[in-house]
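Novice: In our numbering, the protein residues as written are 33 to 156.
1) Which residue's Cα is closest to the Cα of residue 45: 137, 96, 67, 136?
2) Give the C-beta separation of residue 93 and residue 60 to the nearest angstrom, bearing in mind that I take them to be a contact with Cβ-Cβ under 8 Å.
3) Using the C-alpha atoms, what's the distance from residue 143 back to residue 137?
4) Quickly, what does DSSP pair residue 49 with across the bridge? List them, please.
5) Under the three-state reduction of DSSP, which class applies to residue 65: helix, strand or coil?
6) Select from 135, 43, 114, 98 the residue whose C-alpha is nearest the C-alpha of residue 76.
7) Thinking C-beta only, is residue 83 closer than 8 Å to residue 91?
8) My understanding is that residue 89 touches residue 62, with C-beta atoms under 8 Å, so please give their C-beta distance in whole angstroms.
9) Distance, Cα to Cα, residue 58 vs residue 68?
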């Protein structure tokens, strides 16, 4: 009789990633982004601390995300850089399109050209 037992069978799991409509990566079934999890990790948070920060993400998914990142650092860093550039471009477009100082000046000029008094801000 052999003392050796049958080898344990382990199944590798895929990272808990899903892509949203904007091309971002979300963790598990949550709306938490890969960017957010890794930002916390890079700021020194442990997986347990990240799980407290993002209570909708399972601790197992946080560990899996970090492990995947550590094994695919170059690809993920490239993704994060691309996301950062997209975010910066969007902020620039929005600030150009919705320049509040310019909007205020145009509204003031419109009131003055009509001879109307400028409405005051509501008091609370």
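All residues carry an ideal CB built from backbone N, CA and C; glycine is no exception. Owing to the predicted nature of the structure, the values given are computational and were not obtained by experimental measurement.
Specialist: Working from what's here:
1) Comparing Cα-Cα distances from residue 45 to each of 137, 96, 67, 136, the minimum goes to 96.
2) A Cβ-Cβ separation of about 5 Å places residue 93 in contact with residue 60 under the 8 Å criterion.
3) The alpha-carbon atoms of residue 137 and residue 143 are separated by roughly 10 Å.
4) According to DSSP, which records beta bridges pairwise, residue 49 is partnered with 59.
5) Correct three-state label for residue 65: strand.
6) Closest by alpha carbon: 98.
7) Cβ atoms of residue 91 and residue 83: closer than 8 Å.
8) With a beta-carbon spacing of about 5 Å, residue 89 and residue 62 fall inside the 8 Å limit used to define contacts.
9) Between the C-alpha atoms of residue 58 and residue 68 there is a straight-line separation of about 9 Å.
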